[in-house]
Amino acid sequence: MGTSDIAVWTEAALLFWLAALVVLIVWRALTGGINLFGILAHSEQHLADGRPAAERVQLLVAFITAVAVYIRDAMLQTPDAHATVVTHLPCAPPQLIALFAASHGIYLSGKLGRFLNLGTLLTSGRE
Amino acid sequence: MSQWTQLSWYVAIALIVIIMGAAAVTLWLIATGDINIKNVLEEPDSDKASLSRFQFLIFTFVVAGLFLLLSIESGTFVAVPNSVLMLLGISAGSYVVSKGITAGAKSTPAGTAAFHAANAAVHATSAAASAESAAASAATAARAAADSVPK
């Protein structure tokens, strides 16, 4: 048994472990084993309304898109011309970084906006 | 094969077995519920799951998992490009800023009052839902009992 055989077996075991972990976490999330209550609501108060917050929905969609694109790039990655194996993680395309940053910016802007509104409410309450 | 080479083989195989064994035990403990991951997405003072925590957690796992896989495949630690570090930085920075805003909102008197009022509203809503569910069950049971009475 050579070094490459050990690497192949270890990689297979790691892949199996990662797949099992993903299946377990997804199963737990779907059956209520992981609390996802209110993940799309911006506050506990908002939960009572039952409507998702738009900035959270767009962040979730952009995030899932970014992760899916990056995993696809990693799986389809081929070694560089001068190398026989992959020597680095795939570079994220600039468009993906822009999408990711813009989505997080919108999410944080929404959150900050609500916080500032809260400050306005506080000021008006004192007057 | 020299004695030292043979020894390094045994050590390498033993290390792999120990690490994979620990990974398997961790997975087993999660599956049986001995490691509780139910509240992994919640903040300490809230029942609500956090989206920023969720995206930070998943993205870190994805990058770490790919790093491990490609490193094992290539036989050496693979390089992490700046663009990936940038994505991780955005994800982590967003989490930190988000928690900062939440902490800031809760530290104001109005924020604290709103937080407690919201918690009360959530508990009242879930209590109402439970009561409604209990009433529905009771009605179903009553209907079943009425149907079972011979006419």
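Top to bottom, those sequences are chains A and X.
796 is the number of the first residue of the first sequence in the numbering used here; add one for each residue after it.
726 is the number of the first residue of the second sequence in the numbering used here; add one for each residue after it.
We treat Cβ as the ideally placed atom computed from N, Cα and C, and that holds for glycine.
Short Cβ contact (8 Å threshold) for G790/X with L813/A: If you number the second sequence from 1, residue 790/X lands on position 65. If you number the first sequence from 1, residue 813/A lands on position 18. Cβ distance < 8 Å, so G790/X and L813/A count as in contact.
For T730/X, the three-state DSSP class (helix, strand or coil): As a first step, residue 730/X must be located in the second sequence, where it is residue number 5. Looking at T730/X - three-state DSSP - the assignment turns out to be helix.
Of the listed residues T751/X, S873/X, T785/X and G825/X, nearest to M811/X (C-alpha basis): Counted from its first residue, the second sequence places residue 811/X at position 86. The shortest Cα separation from M811/X among T751/X, S873/X, T785/X and G825/X belongs to T785/X.
C-alpha gap between A861/X and R868/X, whole angstroms: Sequence index remark: in the second sequence, residue 861/X carries index 136 (1-based). Sequence index remark: in the second sequence, residue 868/X carries index 143 (1-based). Between A861/X and R868/X, the C-alpha separation is close to 11 Å.
Neighbour flag for V881/A against chain X, beta carbons, 8 Å: Against the first sequence, residue 881/A aligns to sequence position 86. Yes - at least one Cβ of chain X is within 8 Å of the one on V881/A.
Beta-bridge partners of A774/X, as assigned by DSSP: In the second sequence, counting from the first residue as 1, residue 774/X sits at position 49. A774/X pairs with E767/X.
Any C-beta of chain A under 8 Å from that of A772/X: Mapped onto the second sequence, residue 772/X falls at position 47. Rather than Ala, the amino acid found at residue 772/X in this sequence is Asp. With 8 Å as the cut-off, D772/X counts as an interface residue toward chain A.
Span of the alpha helix (DSSP H) around T860/A: The residue you call residue 860/A lines up with position 65 of the first sequence. Start and end: A849 to L871.
Beta carbon proximity, E768/X to chain A, threshold 8 Å: By 1-based counting over the second sequence, the position of residue 768/X is 43. Closer than 8 Å: no.
Distance between beta carbons of I829/A and V765/X, contact taken as under 8 Å: The residue you call residue 765/X lines up with position 40 of the second sequence. The residue you call residue 829/A lines up with position 34 of the first sequence. That pair is a contact at about 6 Å.
First and last residue of the uninterrupted alpha helix (DSSP H) at A828/X: The count along the second sequence starts at 1 and reaches residue 828/X at position 103. It spans N807 to S832 - the alpha helix (DSSP H) in which A828/X sits, taken as one unbroken run.
CB contact check: V809/X to chain A, cutoff 8 Å: One-based indexing of the second sequence puts residue 809/X at position 84. V809/X counts as touching chain A.
Closer than 8 Å at the beta carbon, the chain X residues around L903/A: Here residue 903/A corresponds to residue number 108 of the first sequence, with the count starting at 1. What L903/A touches in chain X: S819, V822, S823 and I826.
Selected residue, minimal CA-CA separation from P896/A, among S816/X, I743/X and L740/X: Indexing the first sequence from 1 puts residue 896/A at position 101. Here the sequence assigns Ala to residue 896/A, which means Pro is not the residue at that position. Looking at the Cα atoms, S816/X is the closest of the given residues.
Listed by chain order, chain A residues near S858/X by CB distance under 7 Å: Here residue 858/X is taken as the residue at index 133 of the second sequence, counted from 1. By Cβ distance, chain A contributes nothing, its closest Cβ being about 15 Å from S858/X, past 7 Å.
CB contact check: G746/X to chain A, cutoff 8 Å: For the purposes of this step, residue 746/X is taken as the residue at position 21 of the second sequence. It does not; no Cβ of chain A falls within 8 Å.
Inter-stretch contact at 8 Å, needing at least 3 Cβ pairs: the region 771-787 of chain X / the region 816-833 of chain A: yes
Separation of L819/A from V736/X, as counted between CA atoms: The sequence position of residue 736/X within the second sequence is 11, counting from 1. The sequence position of residue 819/A within the first sequence is 24, counting from 1. Roughly 31 Å separates the two Cα atoms.
Length of the line joining the Cα atoms of R823/A and A861/A: Stepping through the first sequence from its first residue, residue 823/A is reached at position 28. Stepping through the first sequence from its first residue, residue 861/A is reached at position 66. Roughly 23 Å between the two C-alpha positions.
Chain-ordered chain A contacts of S799/X [CB-CB under 8 Å]: The count along the second sequence starts at 1 and reaches residue 799/X at position 74. The answer, in chain order, is V880, V881 and T882.
Those residues which DSSP pairs with A804/X across a bridge: Here residue 804/X is taken as the residue at index 79 of the second sequence, counted from 1. A804/X is bridged to H883/A.
Short CB-CB distance (under 8 Å) between T826/A and chain X: Looking up residue 826/A in the first sequence gives position 31. Cβ-Cβ to chain X under 8 Å: no for T826/A.
The region 794-808 of chain X / the region 872-888 of chain A touching (three or more Cβ pairs under 8 Å): yes
With 16 other Cβ atoms within 10 Å as the buried cut-off, status of R867/A: Taking the first sequence and counting its residues from 1, the one referred to as residue 867/A is at position 72. Answer is exposed; the Cβ neighbour count stays below 16.
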